[in-house]
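Undergrad: Top line first, the protein sequences correspond to chains A and B. Heads up: the first sequence is residues 1 to 791, going by this note's numbering. Heads up: the second sequence is residues 792 to 852, going by this note's numbering. All C-beta atoms, glycine included, are put in the ideal place defined by N, C-alpha and C.
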Amino acid sequence: MGNNSCFHCGDDCGNHPITFQDKSFCCNGCKTVYEIFNENDLTCYYDLQNSPGAIPKEIEGKYDFLSQENIVEKLTEFRSDEVEIATLYIPHIHCSSCIWVLENLKKLNPNISDSQVNFGKKTVRVTYNPQATNLKTIVILLSSIGYEPYISLDDFKTGKQKINRTLIYKLGVACFAFGNIMFLSFPEYFEINEFWLEQYKHMFRWLMFTLSIPVVFYAAQDYFISAYKGLKAKLLNIDVPITLGVSVLFIRSTVEIVFDIGSGFFDSLSGLVFFLLLGKFFQQKTYDFLSFERDYKSYFPIAITKIEKDGSENAIQVYDIEKGDRLLIRNEELIPVDGILINGKGKIDYSFVTGESQPVTKQSGDKLFAGGKQTAGVIELEALKSIEQSYLTQLWSNDVFNKNKEDGFTNITNNISKHFTIAILTIAVIATIYWLFTDTSKAMNVFTAVLIIACPCAIALSAPFTFGNLLRIFGKLKFYVKNASVIEQLAHINTVIFDKTGTITSNKQSNAEYEGISLSDSESLVLKNSLRGSNHPLSRTLYNILDEHNIITLDRFEEHIGKGIEAKHDNINLKVGSASFVGNAEQTSNLNTTVHVSSNDVYKGKFTFYNSYRKGVAKLFNQFKKHFDLVILSGDNEGERENLKKLLPGKTKLIFNQRPDDKLEFIKFHQSEGAKVLMIGDGLNDAGALAQSNVGIAISEDVNVFSPACDAILDATKFKQLYRYVMASKSAIKIIKWSFVLSFIYNVIGLYFAVTGQLAPVVAAILMPLSSISIVVFTTICTNFIGRRLK
Amino acid sequence: MSVIYIVLTVSVIVGVAFFIVFLMAVKSGQYDDSYTPSVRMLFEDELVKEKTKQSINIESD
Numbered sequence: 001m002g003n004n005s006c007f008h009c010g011d012d013c014g015n016h017p018i019t020f021q022d023k024s025f026c027c028n029g030c031k032t033v034y035e036i037f038n039e040n041d042l043t044c045y046y047d048l049q050n051s052p053g054a055i056p057k058e059i060e061g062k063y064d065f066l067s068q069e070n071i072v073e074k075l076t077e078f079r080s081d082e083v084e085i086a087t088l089y090i091p092h093i094h095c096s097s098c099i100w101v102l103e104n105l106k107k108l109n110p111n112i113s114d115s116q117v118n119f120g121k122k123t124v125r126v127t128y129n130p131q132a133t134n135l136k137t138i139v140i141l142l143s144s145i146g147y148e149p150y151i152s153l154d155d156f157k158t159g160k161q162k163i164n165r166t167l168i169y170k171l172g173v174a175c176f177a178f179g180n181i182m183f184l185s186f187p188e189y190f191e192i193n194e195f196w197l198e199q200y201k202h203m204f205r206w207l208m209f210t211l212s213i214p215v216v217f218y219a220a221q222d223y224f225i226s227a228y229k230g231l232k233a234k235l236l237n238i239d240v241p242i243t244l245g246v247s248v249l250f251i252r253s254t255v256e257i258v259f260d261i262g263s264g265f266f267d268s269l270s271g272l273v274f275f276l277l278l279g280k281f282f283q284q285k286t287y288d289f290l291s292f293e294r295d296y297k298s299y300f301p302i303a304i305t306k307i308e309k310d311g312s313e314n315a316i317q318v319y320d321i322e323k324g325d326r327l328l329i330r331n332e333e334l335i336p337v338d339g340i341l342i343n344g345k346g347k348i349d350y351s352f353v354t355g356e357s358q359p360v361t362k363q364s365g366d367k368l369f370a371g372g373k374q375t376a377g378v379i380e381l382e383a384l385k386s387i388e389q390s391y392l393t394q395l396w397s398n399d400v401f402n403k404n405k406e407d408g409f410t411n412i413t414n415n416i417s418k419h420f421t422i423a424i425l426t427i428a429v430i431a432t433i434y435w436l437f438t439d440t441s442k443a444m445n446v447f448t449a450v451l452i453i454a455c456p457c458a459i460a461l462s463a464p465f466t467f468g469n470l471l472r473i474f475g476k477l478k479f480y481v482k483n484a485s486v487i488e489q490l491a492h493i494n495t496v497i498f499d500k501t502g503t504i505t506s507n508k509q510s511n512a513e514y515e516g517i518s519l520s521d522s523e524s525l526v527l528k529n530s531l532r533g534s535n536h537p538l539s540r541t542l543y544n545i546l547d548e549h550n551i552i553t554l555d556r557f558e559e560h561i562g563k564g565i566e567a568k569h570d571n572i573n574l575k576v577g578s579a580s581f582v583g584n585a586e587q588t589s590n591l592n593t594t595v596h597v598s599s600n601d602v603y604k605g606k607f608t609f610y611n612s613y614r615k616g617v618a619k620l621f622n623q624f625k626k627h628f629d630l631v632i633l634s635g636d637n638e639g640e641r642e643n644l645k646k647l648l649p650g651k652t653k654l655i656f657n658q659r660p661d662d663k664l665e666f667i668k669f670h671q672s673e674g675a676k677v678l679m680i681g682d683g684l685n686d687a688g689a690l691a692q693s694n695v696g697i698a699i700s701e702d703v704n705v706f707s708p709a710c711d712a713i714l715d716a717t718k719f720k721q722l723y724r725y726v727m728a729s730k731s732a733i734k735i736i737k738w739s740f741v742l743s744f745i746y747n748v749i750g751l752y753f754a755v756t757g758q759l760a761p762v763v764a765a766i767l768m769p770l771s772s773i774s775i776v777v778f779t780t781i782c783t784n785f786i787g788r789r790l791k
Numbered sequence: 792m793s794v795i796y797i798v799l800t801v802s803v804i805v806g807v808a809f810f811i812v813f814l815m816a817v818k819s820g821q822y823d824d825s826y827t828p829s830v831r832m833l834f835e836d837e838l839v840k841e842k843t844k845q846s847i848n849i850e851s852d
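1. Counting only Cβ pairs nearer than 8 Å, list the residues of chain B close to W738(A).
2. I want to verify the contact list: residues of chain A whose CB lies under 9 Å from the CB of I815(B), in sequence order.
3. At a Cβ threshold of 8 Å, is E313(A) touching chain B?
4. Could you name the residues that DSSP lists as bridge partners for D349(A)?
5. Within 10 angstroms of its Cβ, does H627(A) collect 16 or more other Cβ (buried), or is it exposed?
6. Here's a check: name, in chain order, each residue in its chain whose Cβ is nearer than 6 Å to the Cβ of H569(A), leaving out the five neighbours to either side.
7. So is Q21(A) buried or exposed if we call it buried at 16+ other beta carbons inside 10 Å?
8. Let me check understanding here. Comparing Cα to Cα, which of S144(A), T361(A), Y218(A), L451(A) lies closest to R252(A)?
9. Measure how close the beta-carbons of G260(A) and A765(A) come, nearest whole angstrom, since I'm counting them as under 8 Å.
10. Could you tell me whether any Cβ in chain A is nearer than 8 Å to the Cβ of V798(B)?
11. Which word fits I493(A), buried or exposed, when buried means at least 16 other C-beta atoms lie within 10 angstroms of its C-beta?
12. My assumption, with CB atoms under 8 Å, is that F465(A) sits in contact with V246(A). Please give the rounded CB distance.
13. Within the 8 Å Cβ cut-off, does M792(B) reach chain A?
14. For R532(A), count the other beta carbons within 10 Å of its own beta carbon; 16 or more makes it buried, fewer makes it exposed. Which is it?
15. Given 8 Å as the limit, is there contact between the segment 39-53 of chain A and the segment 91-111 of chain A, that is, 3 or more CB pairs closer than that?
16. In terms of DSSP beta bridges, what is C69(A) paired with?
17. Grab the span of the beta strand (DSSP E) containing M679(A) for me, first residue to last.
18. State the Cα-Cα distance for the pair L167(A) and V817(B), rounded to the nearest angstrom.
19. Once you ignore the five residues that flank M679(A) on each side, which residues in its own chain have a CB closer than 6 Å to its CB?
20. When the Cα of S24(A) is compared with those of F281(A), C9(A), N38(A), which residue comes out closest?
21. For Y792(A), does the count of other Cβ atoms within 10 angstroms reach 16, so buried, or fall short, so exposed?
22. Check whether the Cβ atoms of K136(A) and S67(A) sit closer than 8 Å, and answer yes or no.
23. Give the residues of chain A in contact with I795(B), contact being defined as C-beta atoms less than 7 Å apart.
24. By DSSP, does Q389(A) sit in helix, in strand, or in coil?
25. Against chain B, does E188(A) count as a neighbour if the rule is that its beta carbon must be under 8 Å from one of theirs?
26. What residues are listed by DSSP as bridge partners for Y480(A)?
27. So, at 7 Å on beta carbons, what are the nonlocal neighbours of S772(A) in its own chain, with the 5 sequence-adjacent residues on each side left out?
28. Please state whether DSSP places E308(A) in a helix, a strand or coil.
29. Using a Cβ-Cβ cutoff of less than 8 Å, which residues in the same chain neighbour A491(A) once the five nearest sequence positions on both sides are dropped?
30. Beta-carbon of I99(A) versus every beta-carbon of chain D: anything under 8 Å?
31. Mapping DSSP to helix, strand and coil, what is K653(A)?
32. Whose Cβ in chain A lies nearer than 8 Å to the Cβ of V801(B)?
33. Taking the CB atoms as reference points, tell me whether N40(A) and L108(A) lie closer together than 8 Å.
34. Per DSSP, V631(A) is paired with what?
35. Would you say E103(A) reaches chain B, if we count a Cβ-Cβ gap shorter than 8 Å as a contact?
36. Give me the residue from G564(A), Q374(A), I335(A), I238(A) with the minimum Cα distance to I416(A).
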């Protein structure tokens, strides 16, 4: 019986499953969802995938703000009298059943005319009739079937986002032109003086010319712009020799066909641009379901309940909160601004902010900081600041969030391009001077031929294909990197800084130790059973740690929110909870989280919780210690210092009591001393440090849940692999250097033809794709080899 | 041999036609989501169960 898993969500049903139509459910919520689907002929949902659902969350009053006209305005993308369209983000979308049921929403509510899922982005686009239904009803319907939409302050932007498809267009243009030019130029490769060819070749050539115009002036546009920008900043980036090659190819080919000298190099020209764009396209690996740009707006609610002077409640937008406003925060709601607790018992979970999972108890009159989540009952607070000026959100006014990390970083390709361009120009000039004295008629020919053949297509392709492929390999191994330049930066790291809570410790499990008078068997039996009934995170943790006991029915069970549990069985009256609740007055202040126990009003002892470190932390640090400086930068107190000292290598610096901006300054200081910093963090309090560091990696227990803005997101289960990922990035740099060597060999061969004045179009047409393709093959094989070693 | 003019014209027209179709496909957003449609097309067959249609309305207040 104990191993029953819920038909709807797949969770363990425990010992008391709810049985309905011969199926077991873990809770009433799941059963209700099943009933809804059953009544509407949607049970097909369960045929597609086993246990696809999620337990529906409680929703009372949570979506009241959706009746506000101005908020609905912001969330919908189209509004008219008959039709409204809204796109909602639903993090739970995870399997084909989800797609199926969400696209059948119209069966649950006939006023919905259409709903379309984008699985990658985890969104559903709902079209409905606003006369008969409204957004609030739809959101509540979605929540009640376990697909709760996530609506945050981030959605608060007007207008649709434009999807940038120019690269695909350019690639299409280049591919179309390349293919057709190849067809047209083929006859002239071999049959030189054939009669019919002589007749029609002019038409062929002018057609090729026409086809190459959009390639040069549209598809290759970005290279011209980038080269111009580079030259303006006195930088010889890789786009300078590319642009030079493309222009010379086009001009020389045009001159050749105008004066009937030859057939030109239109085939090589279009092929070059096509391959270059292909490299760009390949490097662009995006994870639709992840966002690397999140700031506090993704965490914060869009609206909040304000209590007016006359006592009435009103939903207002959080941007409209003013100093002195009275706000109502419900259970599970986020506090959007700094304020003072007026009414109710605060039990604030700051895990969004600090990564610390244990809620903090607050009394009326205490100061509350924005970003905390209320976890017990309703509270009232008075706003002290507006949203932008709150303690946490102020962090985002720091300049570091407006800087682009890629600026001021010369990548490996541009680094080599500097020397390459100068070398090529020198060779071209020397060869031209030589020919000026030997055979003047060939001088111009040689000059252009050098610039054409030396066009660094293969060099430009090395990095995109190496990094692009590694990006995909990392993605499969649950290490999601924002872009290729991050991998390159990762290879240059020499200092690794870790946050503590939530990064090297795990949020999921904790260890607890008991101190005090040992509990009798019957007492521990009651303890275990009373914890079983409680949903408090500490109770859940303790319940999992304690030894197995039989299930008994308690005579009395009462949970005092924010205090503890009282339970009675036979003659044992057990109290579990805070020190004051169990009646232990002489509690000294303690740095660690504790739970106290008393039996029949006699104080027994306490459970002290210790952070549990992720598996493999010590090993990971030992791997890193040989070549990297290690630092732990924690916002917590020093309670764990001794434990960490024992666990980690001796040279690790331990720094505690760091506020978010302290962390940022710490990294800035070390960077000014030449350190290349890799920061690994998790909470919003690390956001500044992640942005300031050379590479910021966010650790996430569940990548679908939000993580702060960063350069890469690492799944927590892969934490111990981190060292190998850094090493793989270093190997990628080596691969690129080898492919540079390879492309130099091709260049030398090509230059031989060019300098001796015998560069025929057919040679260029063979050499250019050959070098590009072999580079692509080489880098792909090498990166796959690295990838295999990572597994 | 002047048939080559016709052949060339046809080949260019066909090429351009396909190119325009490609541009239209990109523009319509066909390449924006490359996963969901592959799942969606498998659902059609399983939707045949027709019974008394009744829908529930979950009222908000």
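TA: By the coordinates alone:
1. In chain order: nothing, as chain B lies at least about 33 Å away.
2. For clarity, residue 815(B) is Met in the given sequence; the question names Ile instead. Ordered by position in chain A, no residue passes the 9 Å Cβ test against M815(B), which lies about 11 Å from the chain.
3. no
4. K373(A)
5. exposed
6. V526, L554, D555
7. exposed
8. L451(A)
9. Strictly speaking, residue 260(A) in this sequence is Asp, with Gly absent from that position. Contact flag wrong, Cβ pair sits at about 20 Å.
10. no
11. buried
12. In fact, because the Cβ distance is near 20 Å, the residues do not count as touching under 8 Å.
13. yes
14. buried
15. yes
16. Here residue 69(A) is Glu; the residue named in the question, Cys, does not match the sequence. Note: E69(A) sits in no beta bridge, so no partner.
17. 677-681
18. 11 Å
19. I497, A689, L690, S693, G696
20. C9(A)
21. Nothing about residue 792(A) can be reported from this structure: the residues present for chain A run from 1 to 791 only.
22. yes
23. Y200
24. helix
25. no
26. I713(A)
27. F275, C457, A458, L461
28. coil
29. V726, S729, K730, A732, I733
30. Absent here is chain D; the protein component of the structure consists of chains A and B.
31. strand
32. Going along chain A, no residue has its Cβ under 8 Å from V801(B), so there is no contact; the nearest lies around 13 Å.
33. yes
34. I497(A), K653(A)
35. yes
36. I238(A)
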